[in-house]
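> Chains U and G, in that order, give the protein sequences.
Its first residue numbered 8, the first sequence is counted upward by one per residue in our numbering.
Its first residue numbered 23, the second sequence is counted upward by one per residue in our numbering.
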Amino acid sequence: MNRDLRFTALKKTPFHSRTSLASRTNKYYNWNGFTVPTEYSTTELEYTAARNGTSVMDLTPMCKYMINGSDANKFVDYLVTRDLSQMEDNTVAYIIWCNEDGKVMDDGTIFKFSNTKFMLCCAVKIYNWLHDSAEGFDVSFEDATDTTAALAIQGPTSCSTLKNYGADDLELLKPFGMKQYNINGYDVLISRTGFTGDLGYELWTDPANAENMWDSIMEAGKELKIRPFGMHALEMTRIEAGFIQTNTDFMAAEDSLRPVRMRSPYEIGMGWLVHLNKESYFVGKRALKKEKETGNSERCLVGLDIDGDKPAVGSVIYNEKKEDIGIVTAAMWSPTMKRNVALASLKRPYGIKIKENIFAEIYHPEELEYRKIWAKCKVVKRQFFSPERRNKVPADLYE
Amino acid sequence: MSDNYDVIVIGAGHNGLVCANILAKKNRKVLICEARENCGGLVEESITNFVPQIPLSVSSSLGGLPIKYKAKSTIALSESGQHIRLVGNQHIDHKVISGFSSKDADRYVEFHDKMSSFSKALGSFMMASPPRIMNNTFSDYFKLFKLGMNVRMLGKKKFNEFARMIGLNIADELEDNFENTLLQGLIAHDAVLGSNLGPRSPGSLINLLYRMATHDNSIFGGIYEIDGGSKAFVDTLLNISNKNKVEIKTSSSVKRCITENDKAIGVELHSGEKIYAKKIISNADPRSTYFCLLGTENLDTDVKRRIKHHRSKGKVAKLSLSLNKQPEFINCDKNDLESRMVIAPSIDYIEEAFNPSKFDKLSMEPILEMKLKNSDQSNPVLDIQVQYASYGVQEGWDKIKDNYVDAVIKLIGKYAPDIQSCIETKTIVTPDDIEKNFYVSGGHWHHGEIQIDQLFMLRPIPGASQYRTHLDGLYMCGAGTHPGGGLTGIPGKNAAQAILEDA
Numbered sequence: 008m009n010r011d012l013r014f015t016a017l018k019k020t021p022f023h024s025r026t027s028l029a030s031r032t033n034k035y036y037n038w039n040g041f042t043v044p045t046e047y048s049t050t051e052l053e054y055t056a057a058r059n060g061t062s063v064m065d066l067t068p069m070c071k072y073m074i075n076g077s078d079a080n081k082f083v084d085y086l087v088t089r090d091l092s093q094m095e096d097n098t099v100a101y102i103i104w105c106n107e108d109g110k111v112m113d114d115g116t117i118f119k120f121s122n123t124k125f126m127l128c129c130a131v132k133i134y135n136w137l138h139d140s141a142e143g144f145d146v147s148f149e150d151a152t153d154t155t156a157a158l159a160i161q162g163p164t165s166c167s168t169l170k171n172y173g174a175d176d177l178e179l180l181k182p183f184g185m186k187q188y189n190i191n192g193y194d195v196l197i198s199r200t201g202f203t204g205d206l207g208y209e210l211w212t213d214p215a216n217a218e219n220m221w222d223s224i225m226e227a228g229k230e231l232k233i234r235p236f237g238m239h240a241l242e243m244t245r246i247e248a249g250f251i252q253t254n255t256d257f258m259a260a261e262d263s264l265r266p267v268r269m270r271s272p273y274e275i276g277m278g279w280l281v282h283l284n285k286e287s288y289f290v291g292k293r294a295l296k297k298e299k300e301t302g303n304s305e306r307c308l309v310g311l312d313i314d315g316d317k318p319a320v321g322s323v324i325y326n327e328k329k330e331d332i333g334i335v336t337a338a339m340w341s342p343t344m345k346r347n348v349a350l351a352s353l354k355r356p357y358g359i360k361i362k363e364n365i366f367a368e369i370y371h372p373e374e375l376e377y378r379k380i381w382a383k384c385k386v387v388k389r390q391f392f393s394p395e396r397r398n399k400v401p402a403d404l405y406e
Numbered sequence: 023m024s025d026n027y028d029v030i031v032i033g034a035g036h037n038g039l040v041c042a043n044i045l046a047k048k049n050r051k052v053l054i055c056e057a058r059e060n061c062g063g064l065v066e067e068s069i070t071n072f073v074p075q076i077p078l079s080v081s082s083s084l085g086g087l088p089i090k091y092k093a094k095s096t097i098a099l100s101e102s103g104q105h106i107r108l109v110g111n112q113h114i115d116h117k118v119i120s121g122f123s124s125k126d127a128d129r130y131v132e133f134h135d136k137m138s139s140f141s142k143a144l145g146s147f148m149m150a151s152p153p154r155i156m157n158n159t160f161s162d163y164f165k166l167f168k169l170g171m172n173v174r175m176l177g178k179k180k181f182n183e184f185a186r187m188i189g190l191n192i193a194d195e196l197e198d199n200f201e202n203t204l205l206q207g208l209i210a211h212d213a214v215l216g217s218n219l220g221p222r223s224p225g226s227l228i229n230l231l232y233r234m235a236t237h238d239n240s241i242f243g244g245i246y247e248i249d250g251g252s253k254a255f256v257d258t259l260l261n262i263s264n265k266n267k268v269e270i271k272t273s274s275s276v277k278r279c280i281t282e283n284d285k286a287i288g289v290e291l292h293s294g295e296k297i298y299a300k301k302i303i304s305n306a307d308p309r310s311t312y313f314c315l316l317g318t319e320n321l322d323t324d325v326k327r328r329i330k331h332h333r334s335k336g337k338v339a340k341l342s343l344s345l346n347k348q349p350e351f352i353n354c355d356k357n358d359l360e361s362r363m364v365i366a367p368s369i370d371y372i373e374e375a376f377n378p379s380k381f382d383k384l385s386m387e388p389i390l391e392m393k394l395k396n397s398d399q400s401n402p403v404l405d406i407q408v409q410y411a412s413y414g415v416q417e418g419w420d421k422i423k424d425n426y427v428d429a430v431i432k433l434i435g436k437y438a439p440d441i442q443s444c445i446e447t448k449t450i451v452t453p454d455d456i457e458k459n460f461y462v463s464g465g466h467w468h469h470g471e472i473q474i475d476q477l478f479m480l481r482p483i484p485g486a487s488q489y490r491t492h493l494d495g496l497y498m499c500g501a502g503t504h505p506g507g508g509l510t511g512i513p514g515k516n517a518a519q520a521i522l523e524d525a
């Protein structure tokens with residue numbers, strides 16, 4: 008291998024031969040060392056496919072770690088804030104984990120195969136953290152990022168598409184369930200998970216099967232409005248769903264240079280994932296218990312419903328006295344909801360006790376000039392978009 | 023369940039005993055659980071050679087400690103018989119060194135004055151509990167301010183000098199000052215004694231300052247032998263314990279801390295017995311305290327990292343030779359044989375002895391600090407601290423032990439040609455043996471290196487200074503805490519104070 012970085016290209020995912028064919032814009036970016044499209048055709052079109060048909064996204068760059076060993080169950084329960092001691096086999100759970108100060112390091116999903124085998128999927132590399140945390144536990148780790156190809160199939164017709172692909176009885180799979188399939192002669196793990204807040208699945212397989220999987224699914228979804236979608240469209244769907252993104256809506260504890268920028272779960276709306284009454288200890292428990300007891304959380308992450316139709320990207324949020332009380336971390340005009348929505352990090356008590364009479368200062372670009380808009384906001388539930396079909400069992404099927 | 027005791031102390035090392043007695047004097051019901059059959063921990067003839075004096079603040083808080091010390095002079099042995107004999111008195115030492123080099127003699131007095139004033143400035147800081155920076159309390163800042171002031175009050179010139187020297191290696195400083203290599207070797211020996219440093223390792227100078235701060239602020243002055251040996255010392259502490267109604271359970275090794283709602287409420291012995299108390303104090307080393315007593319499953323990842331990185335590899339073995347007659351050391355009189363005898367002829371010699379230890383190997387020409395016991399009787403014993411005898415040596419101690427002992431004896435033979443014929447039996451206690459027999463991880467005298475990253479508020483690890491651990495109700499009082507090892511009892515006393523403050 009050539010170790011000279013000047014001659015080392017970003018890695019290509021096992022789907023690259025297909026995603027590059029599908030790209031009409033040649034827009035790529037570096038995701039965790041891989042080159043992946045930000046946009047294939049137009050973001051709006053891709054977004055529309057995700058909300059009305061089936062969208063396909065190459066998820067391979069996500070960090071994927073296999074956790075094996077007799078203490079695997081005990082270990083994941085120790086690593087994350089959520090109580091996983093009663094987690095069932097073949098299910099997936101959304102999780103966050105913290106450092107000793109109770110500051111969030113990242114969020115992710117954990118896949119349980121059995122008490123001795125798990126897969127952890129996340130955005131930030133934590134191989135080192137896993138090893139250092141493992142002292143005293145009988146567990147071993149394998150970084151499966153390069154050895155697992157992953158594809159997200161999301162949208163109302165996604166279940167039908169995958170059934171056509173060969174996933175029998177998939178409509179019966181419950182949200183956060185997972186099932187092992189053998190399709191076209193290879194093993195595929197399908198989980199009912201996703202980042203769009205809609206009906207959707209994620210597929211995991213060996214990289215050797217990637218191209219066949221892509222082609223077969225594209226064929227299977229031909230009549231079901233299937234379309235590959237890139238990071239920009241995903242960003243739109245995840246904001247509508249109210250999902251948070253590490254290093255966008257909050258700084259990962261290990262990445263922030265300033266301690267004051269680190270956030271506890273309570274400060275990013277993830278308090279529901281912290282189970283302080285969990286019997287065993289977990290990383291950050293002492294600090295989180297103290298924060299909960301003293302109630303000294305300083306910030307909160309909330310949803311905002313903003314007047315007008317101009318997205319409040321990067322806006323500063325003020326109270327009626329024009330005092331700075333926070334910042335918008337993600338914003339968009341939601342085409343599906345027909346609402347101007349945003350996620351914002353506010354200084355308490357704003358967002359918790361005071362939900363009205365707050366304002367966003369929006370700078371709206373209009374042909375090389377900025378229009379400054381003073382828009383009234385209302386604190387609302389962060390989950391702007393959550394259709395009934397998302398959690399329906401059996402899932403909706405289309406011809 | 024009811025608390026049977028107010029306090030359980032894990033380990034009857036001298037710090038554990040000091041801590042237990044101070045608490046018992048304040049009407050606490052105290053139990054000590056000791057894993058071994060005997061109390062005293064590393065205060066044992068098979069480990070200890072020379073000691074500093076217990077500071078007045080410690081002995082007075084125990085209501086006086088009737089221990090007698092004998093001051094010891096030091097002799098740096100030279101193969102040629104041109105030994106240097108120092109007693110720790112400026113005038114006498116000046117005269118002795120003038121016999122070798124009058125330049126060195128003048129420089130020695132200057133050097134000693136400078137070092138002594140620095141160690142005094144550190145001294146008050148050494149006695150008290152270190153400040154906790156994250157606390158943001160006035161008293162913590164005041165303590166830090168006081169240390170800064172102590173050093174600043176030395177004057178601008180000395181302050182600059184202190185700042186220059188604090189990270190320096192001892193070899194540079196000695197070579198700048200002295201021309202006699204034997205004198206250089208002797209001082210360098212004391213700077214690296216018990217540490218994992220060579221004379222050319224950065225930070226070896228602060229090691230010497232630290233040693234001076236507990237040794238009467240003198241390089242060769244505050245070195246003592248306990249009258250009656252280690253046993254007399256331990257017995258004295260046990261007598262006091264008896265008087266203070268401290269209960270001691272020997273042969274009772276503690277398996278873990280019992281916790282409830284993330285608070286230590288008792289201990290479980292390896293026998294299965296459970297004993298409950300309001301507070302638990304560990305005299306064990308930091309690694310054992312965290313990984314065994316607290317349990318890895320109760321630690322944050324960051325804390326595990328710090329404990330794993332805690333430097334505590336012991337480098338000193340003790341060789342005891344029982345003799346059938348007094349050996350003839352070249353050009354040594356009776357007085358000399360009763361002194362602390364050091365074989366470390368030059369800085370380069372020490373550095374060469376140190377080099378292999380970096381790779382977990384042994385030098386067959388180590389540095390030695392010797393004490394001849396019962397010199398006037400028919401069965402003298404030569405006790406030798408052998409450095410750098412690494413913990414976890416590559417070849418394995420079992421394989422290499424005999425060869426190593428022979429090499430040490432051969433080395434002594436250069437200074438006492440008849441030593442071989444005097445030897446009856448030889449016993450060596452390696453750092454691996456210390457770990458196994460005394461339950462000290464790494465077999466380190468000080469339960470962890472005395473280095474700038476493991477001192478003051480960083481001792482033993484950040485977040486666990488001030489004698490409190492990460493677990494509510496569990497404290498530490500061993501040498502792993504500030505100010506560290508040595509027979510001072512200060513950690514024990516400070517820990518007791520921390521517990522009384524929290525009550």
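Even glycine gets a Cβ: it sits at the ideal position worked out from N, Cα and C.
Comparing the C-beta of T323 (chain G) with each C-beta of chain C, is any distance below 7 Å?
The displayed structure is made up of protein chains U and G, and chain C is not among them.
> Helix, strand or coil for M23 (chain G) per DSSP?
Numbered from its first residue, the second sequence carries residue 23 (chain G) at position 1. Legend: pLDDT at M23 (chain G) = 47, less than 50; position of this residue unreliable, no value from coordinates given.
> Sort out for me which residues DSSP pairs W211 (chain U) with in a bridge.
The residue you call residue 211 (chain U) lines up with position 204 of the first sequence. Answer by DSSP bridge pairing, in chain order: U:A157, U:L196.
> How many angstroms separate the CA atom of I233 (chain U) from the CA atom of G40 (chain U)?
Reading the first sequence from its first residue, position 226 is the one you call residue 233 (chain U). Reading the first sequence from its first residue, position 33 is the one you call residue 40 (chain U). Cα-Cα distance, rounded: 27 Å.
> Might you give, ordered along the chain, the residues of its own chain that have their beta carbon closer than 6 Å to the beta carbon of A408 (chain U), omitting 5 neighbours on each side?
What the structure shows of chain U is the stretch from 8 to 406, and residue 408 (chain U) is not part of that stretch, so it cannot be assessed.
> Taking Cβ positions only, does T318 (chain G) come closer than 7 Å to chain U?
Taking the first residue of the second sequence as 1, we reach residue 318 (chain G) at position 296. Interface residue, yes.
> Excluding the 5 residues preceding and the 5 following R174 (chain G) in the sequence, name in chain order all residues of the same chain whose CB lies nearer than 7 Å to its CB.
Looking up residue 174 (chain G) in the second sequence gives position 152. Hits under 7 Å: F181.
> By the 10 Å Cβ neighbour count, where 16 or more other Cβ atoms means buried, how is K345 (chain U) classified, buried or exposed?
Taking the first sequence and counting its residues from 1, one reaches residue 345 (chain U) at position 338. Exposed, by the Cβ-count rule.
> Taking the alpha-carbon positions, what's the E360 (chain G) to G110 (chain G) distance?
Indexing the second sequence from 1 puts residue 360 (chain G) at position 338. Indexing the second sequence from 1 puts residue 110 (chain G) at position 88. E360 (chain G) and G110 (chain G): Cα-Cα distance of roughly 15 Å.
> Using 8 Å as the cut-off, can you tell me whether the region 107 to 120 of chain U makes contact with the region 91 to 98 of chain U, which would need three or more C-beta pairs spanning the two stretches below that distance?
Yes, the region 107 to 120 of chain U touches the region 91 to 98 of chain U.
> Look at the alpha carbon of A42 (chain G) and the alpha carbon of I54 (chain G), and state the distance between them as a whole number of angstroms.
On the second sequence, position 20 is the one that residue 42 (chain G) refers to. On the second sequence, position 32 is the one that residue 54 (chain G) refers to. Cα-Cα distance, rounded: 7 Å.
> Do the region 464 to 475 of chain G and the region 342 to 358 of chain G meet, that is, are 3 or more Cβ pairs less than 8 Å apart?
They do not touch, by the three-pair rule.
> Once you ignore the five residues that flank M238 (chain U) on each side, which residues in its own chain have a CB closer than 6 Å to its CB?
The count along the first sequence starts at 1 and reaches residue 238 (chain U) at position 231. These residues qualify, in order along the chain: T45.
> Have a look at K168 (chain G) and V214 (chain G) and give me their C-alpha separation to the nearest angstrom.
Position 146 of the second sequence, counted from the start, is the residue given in the question as residue 168 (chain G). Position 192 of the second sequence, counted from the start, is the residue given in the question as residue 214 (chain G). C-alpha separation (whole angstroms): 28 Å.
> Could you name the residues of chain U that H36 (chain G) contacts, counting a contact when the two beta carbons are closer than 8 Å?
Stepping through the second sequence from its first residue, residue 36 (chain G) is reached at position 14. Result: empty, since nearest Cβ-Cβ is about 30 Å, beyond 8 Å.
> Quickly, what does DSSP pair G143 (chain U) with across the bridge? List them, please.
Walking along the first sequence from the start, residue 143 (chain U) turns up at place 136. In DSSP, G143 (chain U) forms no bridge with anything.
> Roughly how many whole angstroms lie between the Cα atoms of T452 (chain G) and A411 (chain G)?
Here the question's residue 452 (chain G) lines up with position 430 in the second sequence. Here the question's residue 411 (chain G) lines up with position 389 in the second sequence. Going by the C-alpha atoms only, they are around 7 Å apart.
> Could you name the residues that DSSP lists as bridge partners for V403 (chain G)?
As a first step, residue 403 (chain G) is located in the second sequence; it is residue number 381 there, counting from the start. Answer is G:S344, G:K395, bridged to V403 (chain G).
> Could you please give the first and the last residue of the uninterrupted beta strand (DSSP E) stretch that includes T98 (chain U)?
Numbered from its first residue, the first sequence carries residue 98 (chain U) at position 91. Its beta strand (DSSP E) spans residues 98 to 105.
> Are there three or more Cβ pairs, one per stretch, closer than 8 Å when the region 217 to 225 of chain G is compared with the region 471 to 481 of chain G?
Yes: the two stretches touch, three or more of their Cβ pairs being nearer than 8 Å.
> Could you round the C-beta distance between Y483 (chain G) and I329 (chain G) to whole angstroms and report it? I think they count as a contact, below 8 Å.
Along the second sequence, read from residue 1 onward, the residue named residue 483 (chain G) stands at position 461. Along the second sequence, read from residue 1 onward, the residue named residue 329 (chain G) stands at position 307. Note that residue 483 (chain G) is Ile in the sequence shown, not Tyr. So it is a contact: roughly 6 Å between Cβ atoms.
> What three-state label does DSSP hand I332 (chain U) in the structure shown?
Start at 1 with the first residue of the first sequence, and residue 332 (chain U) comes out as number 325. Note: I332 (chain U) maps to strand in three-state DSSP.
> My output table needs one value for D322 (chain G): the three-state DSSP class, helix, strand or coil.
Taking the second sequence and counting its residues from 1, the one referred to as residue 322 (chain G) is at position 300. D322 (chain G) falls in the coil class under three-state DSSP.
> How would you label I114 (chain G), buried or exposed, when you count the other beta carbons within 10 angstroms and need 16 or more for buried?
Along the second sequence, read from residue 1 onward, the residue named residue 114 (chain G) stands at position 92. Flag for I114 (chain G) reads exposed.
> Does the region 199 to 217 of chain U come into contact with the region 143 to 163 of chain U, if we say contact requires no fewer than three beta-carbon pairs (one atom in each stretch) closer than 8 Å?
They touch, by the three-pair rule.
> With 16 other CB atoms within 10 Å as the buried threshold, where does M23 (chain G) fall?
Taking the second sequence and counting its residues from 1, one reaches residue 23 (chain G) at position 1. With a pLDDT of only 47 at M23 (chain G), under the threshold of 50, the placement of this residue in the model should not be trusted; the figure read from the coordinates follows. Exposed is the call here.
> Within a Cβ cutoff of 7 Å, which residues of the same chain sit near N122 (chain U), ignoring the five residues on either side of it in sequence?
Residue mapping note: residue 122 (chain U) aligns to position 115 of the first sequence, counting from 1. Correct list, in chain order: A79, N80.
> Rounding to the nearest angstrom, what Cα-Cα distance links Q399 (chain G) and I431 (chain G) in this structure?
For the purposes of this step, residue 399 (chain G) is taken as the residue at position 377 of the second sequence. For the purposes of this step, residue 431 (chain G) is taken as the residue at position 409 of the second sequence. Each residue's Cα considered, the two are about 21 Å apart.
> Who does L108 (chain G) pair with in a DSSP beta bridge?
In the second sequence, the residue the question calls residue 108 (chain G) occupies position 86. Paired residues: G:T96.
> So E395 (chain U) packs on R355 (chain U), CB below 8 Å; how close in whole Å?
Walking along the first sequence from the start, residue 395 (chain U) turns up at place 388. Walking along the first sequence from the start, residue 355 (chain U) turns up at place 348. In fact, because the Cβ distance is near 33 Å, the residues do not count as touching under 8 Å.
> With 16 as the cutoff for other CB atoms within 10 Å, does T152 (chain U) come out buried or exposed?
Residue 152 (chain U) sits at position 145 when you count from the first residue of the first sequence. Buried: at least 16 other Cβ atoms inside 10 Å.
> By DSSP, does V430 (chain G) sit in helix, in strand, or in coil?
The count along the second sequence starts at 1 and reaches residue 430 (chain G) at position 408. In the structure shown, V430 (chain G) sits in a helix (DSSP, three-state: H, G or I).
> Which residues of chain G have a Cβ atom closer than 9 Å to the Cβ of E142 (chain U), listed in chain order?
Within the first sequence, numbered from 1, the residue matching residue 142 (chain U) stands at position 135. The contacting residues are F313, T318, L321, T323, K326, R327, I329, K330.
> Along chain U, which residues have their Cβ under 8 Å away from the Cβ of H116 (chain G)?
Counted from its first residue, the second sequence places residue 116 (chain G) at position 94. Residues of chain U passing the Cβ test: none, with the nearest at roughly 54 Å.
> According to the Cβ coordinates, are L509 (chain G) and V73 (chain G) closer than 7 Å?
Along the second sequence, one-based indexing puts residue 509 (chain G) at 487. Along the second sequence, one-based indexing puts residue 73 (chain G) at 51. Cβ distance < 7 Å, so L509 (chain G) and V73 (chain G) count as in contact.
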